[in-house]
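Heads up: take any position in the sequence shown, counting from 1, add 232, and you land on my numbering.
To keep things clear, I will list the structure first and then write my remarks on it.
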Amino acid sequence: MTLAFDPDSLALDSCHLIGGGRVADAPGLSVIRPSDGRVAGEIPVAGADVVDRAVQAARAAQSGSGWGTCPPRDRTRALHRWADLIEAHAAELARLEAVVSTRPVDELPGGDIAVTAEQIRFFAELADKEGGLSVPTRETSLGLILDAPVGVVGAITPWNFPLSMAGWKMAPALAAGNAVVLKPSEMTPFATLRMAELSVEAGLPPGLVNVILGDGATTGAALVAHPDVAKVSFTGSTGAGAAIMGNVARSGVKPLTLELGGKSPQLVFADADLDLAADCIARSILFNAGQACVAGARVIVAQAVAEPLLERLIARMQPRAASPTWGPQPEYYPIISARQSARIDGIVQAARAAGAELLIGGAPQEGPGFFYAPTILAPGDATNPAVTEEIFGPVLTFETFADEQQALLLADHPTYGLCAGLYTRDLSRALRVVRRLQAGTVWVNRYGRSRDHILPTGGWKQSGLGHDLGREAYLACRRRKSVLIDLQE
Ligand code: NAD
């Protein structure tokens, strides 16, 4: 069954969600449909007054409803109800997401939406399992480590997987007893708004989940610097992450989780299963047209198998039909905006001017909308912009190595350390290389996230700070208190 729809007939709500209700505001920004370049609607840009209203609603809901102090199982039950409603509204959410994002409508219910509901359930179940500790101390004392919610979490998400990124941020924060004020990307706000509204229908206290619309410079900046936002959780580019650190620092001190950019390597050794490697590499760079932080954008292959691997990659990366996200079973994914498409092409052309050899692709595809042909470049050397820049498009670089030492040198990116993949049948080599790769996640003989939400995700180097998913994300939304009690006779 397909959820294909007519984008012109979809009603889009562009109010903020504050205190459990919709709050209208003057329109300030157009939201564009990447599949055909047309305007989908207008959204407001929340100023400092609206941000303050949302933060105060969150504070009041968190402290007034007892959300942070209730038996944790009550939070578990409420969050399961929210996940149930998200699954029940999958078709509606999928259409709201697909109309302005790069995510095909038929991929969403079994993909991003199912994963988002699963993540909410995962964190819901942690609420009564993670807690304080009694620690060894003198016989005449009792040492305790207590923990408590931080209060209001300010969250900011990117456009590339809007619903699941919102789930990453909201689920651990709420399960850990906090309230949330979330600013989705100004390019893809609609499904996140509806998902947040469903939390109220599920019985979460009104105001516990607030969504404010706007851009980074005005709304995002005001949110992270707000004195009553106790923690900031951000996913987006490294540049914006650095700007947020600066903004937070100017307004005081608070914990930050930053999930940032990547330029991840995939190492193919001579003994690898080349069909498996080619399948994984092609899928990793074509999925969402390479607009994924984890995209394995740098192929680093043993000289002995470079030719057969390249043949296999070229066969798997032939141009696909540019089809809109709202059609049935589209073959390919649009680029989010004209600006991003021009940026991809700008880096590809700069790479060629700096000596990279174009092996396939290398140009935008015919529209309507914004599409870019699957591209492979042989960069020549490690300072080429195709290697140094996060392109965030369907562009692979293809480099060769003579031995393991050189493979590791090439893999080690000067800026990013988000993920890495490697393909080999030699267990000892796999474990040696895993230990030496400078990345927060490493996949062996596979590439890409699984549904094992227990595995934390976080970047090394300038790919981030802290973790989403896993126990780590939950614990980062709690703060600890050490207690020592002297026992009296
Ligand atoms: P972006 O940094 O341009 O924007 C992300 C969000 O931050 C948006 O909501 C934007 O409005 C807001 N923002 C921008 N500047 C801000 C500021 N100064 N203060 C506060 N908020 C600000 O990123 P994008 O183009 O939306 O997303 C793509 C980027 O996200 C890529 O670099 C990608 O690697 C990264 N990403 C990382 C992960 C991860 O898990 N590490 C996951 C998805 C995307």
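Built from N, CA and C at the ideal position, the CB exists for glycine as well.
Only a predicted model underlies this, so the values are computations on that prediction, with no experimental measurement involved.
(message) I'd like the span of the alpha helix (DSSP H) that includes residue 398, first residue to last.
(response) Here residue 398 refers to the residue found at position 166 when the sequence shown is read from its first residue. That run of the alpha helix (DSSP H) goes 394-407.
(message) Which of the three DSSP states is assigned to residue 608 in this structure?
(response) Residue numbering aside, residue 608 sits at position 376 when the sequence shown is read from its first letter. Of the three classes helix, strand and coil, the one that applies to residue 608 here is strand, per DSSP.
(message) If contact is defined by three or more beta carbon pairs under 8 Å, each pair taking one atom from either stretch, is the stretch 430-445 in contact with the stretch 283-293?
(response) Between the stretch 283-293 and the stretch 430-445, the count of C-beta pairs closer than 8 Å reaches three or more; the two stretches touch.
(request) Would you list the one or two residues that DSSP bridges to residue 486? (result) Here the question's residue 486 lines up with position 254 in the sequence shown. Paired residue(s): none; residue 486 is not in a bridge.
(request) Below 8 Å on the Cβ atoms is my guess for residue 528 versus residue 653; work out the distance and round it to an integer in Å. (result) Against the sequence shown, residue 528 aligns to sequence position 296. Against the sequence shown, residue 653 aligns to sequence position 421. That pair is a contact at about 5 Å.
(request) Taking only the alpha-carbon atoms, compute the straight-line gap between residue 427 and residue 539 and give it to the nearest angstrom. (result) Reading the sequence shown from its first residue, position 195 is the one you call residue 427. Reading the sequence shown from its first residue, position 307 is the one you call residue 539. One C-alpha to the other measures close to 47 Å.
(message) Restricting to Cα atoms, I'd like to know which of 632, 412, 699 is closest to residue 685.
(response) For this step, residue 685 is matched to residue 453 along the sequence shown. Closest by alpha carbon: 699.
(request) Pick helix, strand or coil for residue 312, following the three-state DSSP scheme. (result) Taking the first residue of the sequence shown as 1, we reach residue 312 at position 80. Under the three-state reduction of DSSP, residue 312 is assigned to helix.
(message) Here's the rule I'm using: 16 or more other beta-carbon atoms within 10 Å means buried, otherwise exposed. How should residue 596 be labelled?
(response) In the sequence shown, residue 596 corresponds to position 364, counting from 1. Taking a 10 Å sphere around the C-beta of residue 596, we find 16 or more other C-beta atoms and assign the residue as buried.
(request) Please classify residue 512: does DSSP put it in a helix, a strand, or coil? (result) Indexing the sequence shown from 1 puts residue 512 at position 280. In this structure, DSSP gives residue 512 a helical state, which the three-state scheme calls helix.
(request) Using the Cα positions of residue 565 and residue 556, report the straight-line distance between them to the nearest angstrom. (result) Position 333 of the sequence shown, counted from the first residue, corresponds to residue 565. Position 324 of the sequence shown, counted from the first residue, corresponds to residue 556. For the pair residue 565 and residue 556, the Cα-to-Cα distance works out to about 8 Å.
(message) Residues in the same chain with beta-carbon distance under 7 Å from residue 350, minus the five sequence neighbours each way, listed in chain order, please.
(response) Here residue 350 refers to the residue found at position 118 of the sequence shown. Same-chain partners within the cutoff: 683, 685.
(message) Does the distance between the C-beta of residue 525 and the nearest non-hydrogen atom of ligand 1 fall short of 8 Å?
(response) For the purposes of this step, residue 525 is taken as the residue at position 293 of the sequence shown. For residue 525, the shortest C-beta to heavy atom distance toward ligand 1 is below 8 Å.
(request) Might you give, ordered along the chain, the residues of its own chain that have their beta carbon closer than 6 Å to the beta carbon of residue 629, omitting 5 neighbours on each side? (result) For the purposes of this step, residue 629 is taken as the residue at position 397 of the sequence shown. So the list reads 530, 609, 611, 618, 619, once near-sequence residues are dropped.
(message) Taking its Cβ as the centre, do 16 or more other Cβ atoms sit within 10 Å of residue 344, making it buried, or is it exposed?
(response) The residue labelled residue 344 in the question sits at position 112 within the sequence shown. So residue 344 counts as buried.
(message) By the DSSP assignment, the alpha helix (DSSP H) with residue 329 in it spans what residues?
(response) One-based indexing of the sequence shown puts residue 329 at position 97. Element bounds for residue 329: 322-330.
(message) Give me the residue from 570, 675, 298, 330 with the minimum Cα distance to residue 242.
(response) Start at 1 with the first residue of the sequence shown, and residue 242 comes out as number 10. The residue among 570, 675, 298, 330 with its C-alpha nearest the C-alpha of residue 242 is 330.
(message) Can you tell me whether residue 334 sits near ligand 1, meaning its C-beta is under 8 Å from at least one heavy atom of the ligand?
(response) By one-based count along the sequence shown, residue 334 stands at place 102. Not so, every heavy atom of ligand 1 lies at least 8 Å from the Cβ.
(message) To the nearest angstrom, how far is the alpha carbon of residue 508 from that of residue 536?
(response) Reading the sequence shown from its first residue, position 276 is the one you call residue 508. Reading the sequence shown from its first residue, position 304 is the one you call residue 536. Their Cα atoms are separated by approximately 17 Å.
(request) Give me the Cα-Cα distance between residue 356 and residue 397, rounded to the nearest whole angstrom. (result) In the sequence shown, the residue the question calls residue 356 occupies position 124. In the sequence shown, the residue the question calls residue 397 occupies position 165. Each residue's alpha carbon lies about 17 Å from the other.
(message) Three Cβ pairs or more, each shorter than 8 Å: is that satisfied between the stretch 462-469 and the stretch 331-342?
(response) Counting Cβ pairs under 8 Å, fewer than three are found: no touch.
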